[in-house]
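Shown next, in structure tokens, is the structure this report addresses.
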Amino acid sequence: PKVKHTADRPAPVAARSDAAGRHESLGDRIVRLAAAQAGKPYVYGAAGPDRFDCSGLTQFIHRQLGILLPRTADAQSRAVRPVDRADMRPGDLLFFGRRGHVYHVAIYAGDNKMWTAPEPGKRVQLQRIWDNTYSVGRAW
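Have a look at this one:
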């Protein structure tokens, strides 16, 4: 499955202005929505709004912006547009895997950090990127 935009509203715009007139890119909005989930518990199979697994977090956040992603990390990796690491921007998705199977997804926050729902017993948090064997994709 590919990324879909909800039919009841137009696809999200690349930037919007806040009350102070500053522009916020769609990627920055994704990061801001991820940060708003900080501290919520990891629960396998959960997709919000009060608990998440990794792909549930990314799916939930993108849905808030009218972008529909598949449910699993592996399916999300196949649905988004690949991005070279040199071109990655905050809001992009980081996919971790081995032998052709993606087992984890996180949201790139910039500065070698990512928002993630890491594992049982942990909470949604900002972490340094902990493994260099990731690929990058963009749903926006």
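The opening position of the sequence shown corresponds to residue 1 in full-length UniProt numbering, with each subsequent residue numbered one higher.
Each residue gets a CB set at the ideal place from its N, CA and C atoms; glycine is no exception.
Does DSSP put residue i in a helix, in a strand, or in coil?
| i | result |
| --- | --- |
| A139 | coil |
| P12 | Note that P12 scores 42 on pLDDT, short of 50, meaning its location in the model is unreliable; the coordinates nonetheless yield the value given after this. Here P12 sits in coil by DSSP. |
Starting from the C-beta of residue i, find all residues in its chain whose C-beta is less than 7 Å away, skip the five residues before and the five after it, and write them out in chain order.
| i | result |
| --- | --- |
| T58 | L69, Q76, L93, V105, I107 |
| S55 | R71, T72, A73, Q76, V105 |
| A139 | V3, H62, I67, L69, V80, L93 |
| residue 142 | Nothing can be reported for residue 142, as the shown portion of the chain is limited to 1 through 140. |
| M88 | Y108, V136 |
In chain order, what residues of the same chain have a beta carbon less than 6 Å from the beta carbon of residue i, not counting five sequence neighbours either side?
| i | result |
| --- | --- |
| L33 | I61, Q64 |
Who are the near neighbours of residue i in its chain, counting only those whose CB is closer than 8 Å to its CB and skipping five residues on each side?
| i | result |
| --- | --- |
| K113 | L126, Q127, R128, I129 |
| Y44 | D53, P120 |
Determine the direct distance from the alpha carbon of residue j to that of residue i, and round the result to whole angstroms.
| i | j | result |
| --- | --- | --- |
| Y103 | D84 | 20 Å |
| G97 | A47 | 21 Å |
| D131 | F95 | 10 Å |
| I30 | A36 | 10 Å |
| D50 | G110 | 25 Å |
| S25 | A86 | 18 Å |
| W115 | Y134 | 14 Å |
| H23 | R78 | 30 Å |
I think residue i touches residue j, with their Cβ atoms under 8 Å apart; what is that distance to the nearest whole Å?
| i | j | result |
| --- | --- | --- |
| G27 | P82 | Incorrect: roughly 16 Å between the Cβ atoms, too far for contact. |
| G39 | R99 | The Cβ separation is near 33 Å, so there is no contact. |
| Y42 | P118 | 6 Å |
*asked:* So within the UniProt domain "NlpC/P60" (24 to 140), which uninterrupted beta strand (DSSP E) runs reach at least 3 residues, ignoring any that extend past its ends?
replied: 81 to 83, 93 to 98, 101 to 110, 113 to 116, 125 to 128, 134 to 138
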